[in-house]
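S.K.:
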Amino acid sequence: MTTAPIAATQPAAGGSRAWRAEPSAAVGLLLLAPALLLLGLFFVVPIVRIVWVAVAEPSFGFDRFADFFASPAARRSLLTTLRISAIVTLVATLLGLLIAWELRSSPSKWRRAALWSATLFPLWTSVVVRNYAFTILLQRRGVVNTALVNAGIVDEPLGILYTDTAVVLGMLYTMLPYAILPIYASLVNVDLALVGAAESLGASRPRAVAGIVLPLIAPSVFAAAAITFVVSVGFYITPILLGGPEAPFLATFIDQQLFSLYDFPAAAATASVLFLAAVVVVGLAWRVVGFEQLRRALG
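Residue 276 in the UniProt record's numbering sits at position 276 of the sequence shown; the count goes up by one each step and never skips.
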């Protein structure tokens, strides 16, 4: 049995246009219009407004930005935010690689189910519940200190709560799913038989994974790191609840400028610096990975 080739669609005799599988550019723009409108109203307009307030009120200029970088408290908040966010990004990306690999390669469905539950659980709970749980765990008479004292590891409870360590742990727990999911989505498309073939040629498992798998999923790793960092620099509740109300984080610094000093132009300048840091990170990821690969990594 033979099949006749499908003829290309031609305009009908009466002049009517034939149906096409791909919409025209005008139809595509029309379909995108609602999303573009929402994006413009709830993202572009607020960002432009914040930058405008920072440079135009009370007089036009960059004095607010100069004041920000001249302030020791502002510089300390910026450096602390970038440092803690970088630590969280590094640890979350490394753990995300290990957990995503285990999710992809583990033959036990029960282990995969347990890992998936642990991975997604932070997304199922509110930020207040998560941070309250860490407060109970890390306080001087909490679960962690009680276990350390009973095990004889320490003689007296440690002051973990209201430190940078507590903030890192709270942020890390929240950000792990954002690191795991992009990496796992890329690992799904990797043929694990390649690792077995490399091992059969004499390579060890770590060397096979590092030489074959990592180059294939590198765009997703960069994307996961970029997502983790961009979200981390904007944390607000976690630094306050786990680091204390005076925690030197940019988000809390903006809160003080708004509700304690009522200095809206200064708060707008600080928010603009925070936004610029996120843009720089995304731009670096775009530069290193490439737009098309970054888009594929993000799904």
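Virtual Cβ for every residue (Gly too), placed ideally from N, Cα, C.
Considering only the alpha carbon of each residue, which of Tyr184, Thr238 and Val231 lies closest to Leu214?
M.R.: Against the sequence shown, residue 214 aligns to sequence position 214. Of Tyr184, Thr238 and Val231, the residue nearest in Cα terms is Tyr184.
S.K.: Using three-state DSSP, classify Tyr236 as helix, strand or coil.
M.R.: Residue numbering aside, residue 236 sits at position 236 when the sequence shown is read from its first letter. In this structure, Tyr236 counts as coil in the three-state DSSP scheme.
S.K.: Give every residue of the same chain whose Cβ lies closer than 6 Å to the Cβ of Arg64, excluding the five residues on either side of it in the sequence, and list them in chain order.
M.R.: Position 64 of the sequence shown, counting from 1, holds the residue named residue 64. So the list reads Ala54, Pro265, Ala266 and Ala269, once near-sequence residues are dropped.
S.K.: Return helix, strand or coil for Phe43, following the three-state DSSP convention.
M.R.: What you label residue 43 is simply residue 43 of the sequence shown in a count that begins at 1. The answer is helix: DSSP assigns Phe43 an H, G or I state.
S.K.: Going by DSSP, what residue range makes up the alpha helix (DSSP H) through Tyr184?
M.R.: Position 184 of the sequence shown, counted from the start, is the residue given in the question as residue 184. Note, Tyr184: alpha helix (DSSP H), Asp164 to Leu187.
S.K.: What is the DSSP secondary structure of Phe259, counted as helix, strand or coil?
M.R.: Position 259 of the sequence shown, counted from the start, is the residue given in the question as residue 259. Of the three classes helix, strand and coil, the one that applies to Phe259 here is helix, per DSSP.
S.K.: Where Ile43 and Trp110 are concerned, what is the direct C-alpha to C-alpha distance, given to the nearest angstrom?
M.R.: Numbered from 1 along the sequence shown, position 43 holds the residue referred to as residue 43. Numbered from 1 along the sequence shown, position 110 holds the residue referred to as residue 110. First, the amino acid is wrong: residue 43 is Phe here, not Ile. Distance between the alpha carbons of Phe43 and Trp110: 42 Å.
S.K.: Given that a residue counts as buried once 16 or more other Cβ atoms are within 10 Å of its Cβ, and exposed if not, what is Arg205?
M.R.: Position 205 of the sequence shown holds residue 205. So Arg205 ends up on the exposed side.
S.K.: In terms of residue numbering, what span does the alpha helix (DSSP H) encompassing Pro206 cover?
M.R.: Locating residue 206 in the sequence shown gives position 206, where the first residue counts as 1. Unbroken alpha helix (DSSP H) run through Pro206: Arg205 to Ala208.
S.K.: Just to confirm, is the Cβ distance from Pro239 to Val127 under 8 Å?
M.R.: Position 239 of the sequence shown, counted from the start, is the residue given in the question as residue 239. Position 127 of the sequence shown, counted from the start, is the residue given in the question as residue 127. It is not a contact, given that the beta carbons lie outside the stated cut-off.
S.K.: Give the secondary structure of Glu57 by DSSP, where H, G and I count as helix, E and B as strand, and everything else as coil.
M.R.: Indexing the sequence shown from 1 puts residue 57 at position 57. Reduced to three states, the DSSP call for Glu57 is coil.
S.K.: Among residues of its own chain, excluding the 5 on either side of Val288, which ones have a beta-carbon nearer than 8 Å to its beta-carbon?
M.R.: For this step, residue 288 is matched to residue 288 along the sequence shown. The answer, listed in chain order, is Phe222.
S.K.: What residue range does the alpha helix (DSSP H) around Ser85 cover?
M.R.: Numbered from 1 along the sequence shown, position 85 holds the residue referred to as residue 85. Residues Pro72 to Ser105.
S.K.: Relative to the C-alpha of Leu241, which residue among Arg112, Thr135 and Val48 is closest?
M.R.: In the sequence shown, counting from the first residue as 1, residue 241 sits at position 241. The shortest C-alpha separation from Leu241 is found at Thr135.
S.K.: Out of curiosity, what's the CA-to-CA distance linking Leu176 and Gly152?
M.R.: As a working mapping, residue 176 is identified with position 176 in the sequence shown. As a working mapping, residue 152 is identified with position 152 in the sequence shown. Roughly 31 Å between the two C-alpha positions.
S.K.: Which of the three DSSP states, helix, strand or coil, is assigned to Gly196?
M.R.: As a first step, residue 196 must be located in the sequence shown, where it is residue number 196. Reduced to three states, the DSSP call for Gly196 is helix.
S.K.: Do the CB positions of Ala247 and Ala179 come within less than 8 Å of each other?
M.R.: To locate residue 247, count along the sequence shown from 1; it is residue 247. To locate residue 179, count along the sequence shown from 1; it is residue 179. No.
S.K.: Could you check which residue in Leu148, Arg104 and Met171 has the C-alpha nearest to that of Ile217?
M.R.: As a first step, residue 217 must be located in the sequence shown, where it is residue number 217. If we check each option's Cα against that of Ile217, Arg104 comes out closest.
S.K.: First and last residue of the alpha helix (DSSP H) that includes Ser122?
M.R.: Locating residue 122 in the sequence shown gives position 122, counting from the first residue. First, the amino acid is wrong: residue 122 is Pro here, not Ser. Residues Lys109 to Trp124.
S.K.: With DSSP collapsed to three states, give me the class of Pro157.
M.R.: One-based indexing of the sequence shown puts residue 157 at position 157. It is coil, neither helix nor strand.
S.K.: Whose CA, out of Asp255, Gly283 and Phe235, lies closest to the CA of Leu82?
M.R.: Here the question's residue 82 lines up with position 82 in the sequence shown. It is Phe235 whose Cα lies nearest to the Cα of Leu82.
S.K.: With a threshold of 7 Å on Cβ separation, who are the neighbours of Leu172 within its own chain once the five nearest residues in sequence on each side are excluded?
M.R.: Within the sequence shown, the letter at position 172 stands for residue 172. Same-chain partners within the cutoff: Val88, Val91 and Ala92.
S.K.: Between the C-alpha atoms of Arg76 and Phe68, what's the straight-line distance to the nearest angstrom?
M.R.: Residue numbering aside, residue 76 sits at position 76 when the sequence shown is read from its first letter. Residue numbering aside, residue 68 sits at position 68 when the sequence shown is read from its first letter. Straight-line Cα distance between these residues: approximately 11 Å.
S.K.: What are the start and end residues of the alpha helix (DSSP H) that includes Ala147?
M.R.: Your numbering for residue 147 matches position 147 in the sequence shown. Note, Ala147: alpha helix (DSSP H), Val143 to Asn150.
S.K.: Near Ile47, what residues of its chain come up, given a Cβ to Cβ distance below 7 Å and the 5 sequence neighbours on each side ignored?
M.R.: As a position in the sequence shown, residue 47 is number 47, starting the count at 1. The answer, listed in chain order, is Phe275.
S.K.: DSSP on Val190, reduced to helix/strand/coil?
M.R.: Translated into the one-based positions of the sequence shown, residue 190 becomes position 190. Coil.
S.K.: Under 8 Å by Cβ, that's how I've got Val190 and Val230 pegged, so tell me the actual separation to the nearest angstrom.
M.R.: Sequence index remark: in the sequence shown, residue 190 carries index 190 (1-based). Sequence index remark: in the sequence shown, residue 230 carries index 230 (1-based). About 26 Å; that fails the 8 Å criterion.
S.K.: Taking only three categories from DSSP, how would you classify Ala8?
M.R.: Taking the sequence shown and counting its residues from 1, one reaches residue 8 at position 8. Here Ala8 scores only 48 on pLDDT, less than 50, and its place in the model should not be relied on; the value that follows carries that caveat. In this structure, Ala8 counts as coil in the three-state DSSP scheme.
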